[in-house]
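Data first, discussion second: the structure below is written as structure tokens.
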Amino acid sequence: MSEISVRSITKSVEEKKSLEILLKERPLDKTKLKQFCLRFTVPVVYRNFLWKVLLDIIPVYAESQGFIMAQRKKEFQDLQRALKVAKIIDDFTKPPLIFLAMWLLRKRRAKVDMTAQLELPLYRAMSKMAETLWHVIDVESEEEKLVDIYWILTGLFVQVEKLQKEVGKLQDCTYALLEKEDVELYKHLVKIDALYNLPYDMWFYSCFAGIICNGSIAKIWDKITVGAYRILIFVAVVTLTTLRRLLLRCENIDHVLETINNITEETSEVIVNKAIESIQQSGTTQQVDMYFTKHS
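Counting in the working numbering, the sequence shown runs from 32 upward without gaps.
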């Protein structure tokens with residue numbers, strides 16, 4: 032085993048121990064847990080529980096968590112039953128669409144023609160998140176898994192609605208950061224009329240679901256759960272710079288999209304790790320913060 036691998040394993044063990052100490056506090060300290068999420072990757076074994084705490088699905092008081100989840104489950108069942116009675120969903124409807132339909136109903140946004148409604152860019156992106164989360168959340172009981180996924184999605188959607196208001200700034204900051212990081216790639220993408228026509232809104236609304244592989248994307252969503260959605264700028268830039276060799280050969284936007292839409296699991300892991308490293312570098316983060324302050 033290489034020295035780098037040993038260091039990585041040691042670091043992961045230490046981080047896990049640090050989180051276990053925080054999870055023993057009564058009540059849980061959400062500020063400390065948020066700081067942990069910002070600084071480290073959440074161990075898989077604790078991710079489901081921690082996300083539920085941070086997304087306000089369960090309270091910080093351990094003695095109340097079971098009762099609240101029982102109420103969440105009842106509401107989940109009521110929403111599902113209402114959609115079936117209204118014939119909006121049936122036993123053959125795919126879970127991601129059920130989750131999104133339930134969310135729309137709960138938010139009182141559901142329309143009679145929900146099929147057309149779900150074609151809107153924001154909702155198509157949210158549907159991608161639902162599909163991805165199905166592969167990220169690991170719960171033995173399928174019934175509990177369905178309930179957990181639905182409620183975690185509702186929490187993530189709160190963050191998506193917040194970033195929706197700033198998606199224009201996220202895009203503009205992506206352009207500026209890419210030009211600073213790799214001017215050759217920046218100029219090439221401008222030249223082939225690709226840079227300003229990439230589907231940034233879909234990338235940002237879905238928090239890169241469907242682009243970054245399921246095995247890596249949870250590391251990004253660890254940050255999204257605490258509202259640090261500016262990491263999506265870094266994911267966008269690092270995706271482009273990581274694929275620069277292939278992108279420099281592309282002659283039009285279709286070739287660029289084909290390259291980006293076929294990222295491997297190995298490349299996804301590289302992109303995610305680089306993006307997290309970038310957001311933890313104070314200089315780069317300050318540049319992004321200054322951009323948002325200047326354009327607020």
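For glycine and all other residues, C-beta sits at the position ideal for the given N, C-alpha and C.
Bear in mind that the values here come from a model prediction, so they are computed numbers and not experimental data.
- Here Ser43 is exposed: its Cβ has fewer than 16 other Cβ atoms, across all protein chains shown, within 10 Å.
- Under the three-state reduction of DSSP, Ala306 is assigned to helix.
- In this structure, the straight-line span from the alpha carbon of Glu94 to that of Thr273 is close to 46 Å.
- Contact between the region 222-236 and the region 276-287 is established, with three or more Cβ pairs separated by less than 8 Å.
- Distances from the CA of Leu288 to each of Asn245, Glu297, Asn304, Asn228 were compared; the closest alpha carbon is that of Asn228.
- Beta bridge pairing from DSSP links Ile243 with Ala240.
- The beta carbon of Asp121 sits closer than 8 Å to the beta carbons of Lys115 from its chain, once the five residues preceding and following it are set aside; these are given in chain order.
- Sequence-distant Cβ neighbours of Leu110 in its own chain, meaning closer than 7 Å and more than five residues away, are Met133, Leu136, Arg137.
- Each residue's CA atom was taken as its position, placing Leu208 and Ile99 some 43 Å apart.
- Per the coordinates, the alpha-carbon of Val143 lies some 8 Å from the alpha-carbon of Ile119.
- Of the candidates Ser309, Leu184, Glu171, Ala141, Leu184 places its Cα closest to the Cα of Met160.
- Secondary structure of Val143 (DSSP, three-state): coil.
- For the pair of segments examined, the region 290-304 was found to touch the region 238-250: the number of CB pairs separated by less than 8 Å reaches three.
- Exclusion of the five residues before and after Met145 leaves Ile119, Ala132, Leu135 as the residues of its chain whose Cβ lies within less than 8 Å of its Cβ.
- Burial is judged here by how many other beta carbons sit within 10 angstroms of a residue's own beta carbon; Arg112 has fewer than 16 and is exposed.
- Excluding five sequence positions before and after Asp213, the CB atoms of its chain that fall closer than 8 Å to its own CB belong to Leu271, Thr272, Arg275, given in chain order.
- Around the C-beta of Leu151, fewer than 16 other C-beta atoms lie within 10 Å, and the residue is accordingly described as exposed.
- Distance from the CA of Ala147 to the CA of Phe80, rounded to the nearest whole angstrom, comes to 34 Å.
- Out of Leu64, Pro58, Ser309, Arg57, the CA that lies nearest to the CA of Lys47 is found in Leu64.
- Asp253 is not a Cβ neighbour of Val75, given a cutoff of 7 Å.
- Distances from the alpha-carbon of Asp232 to those of Leu153, His326, Pro90 put Leu153 closest.
- Between the alpha carbons of Glu171 and Gln190 lies a distance of about 27 Å.
- Here the alpha carbons of Thr324 and Val269 stand approximately 23 Å from one another.
- Each of Asp60, Phe188, Cys68, Asp169 was checked against the Cα of Ile307, and the nearest Cα belongs to Cys68.
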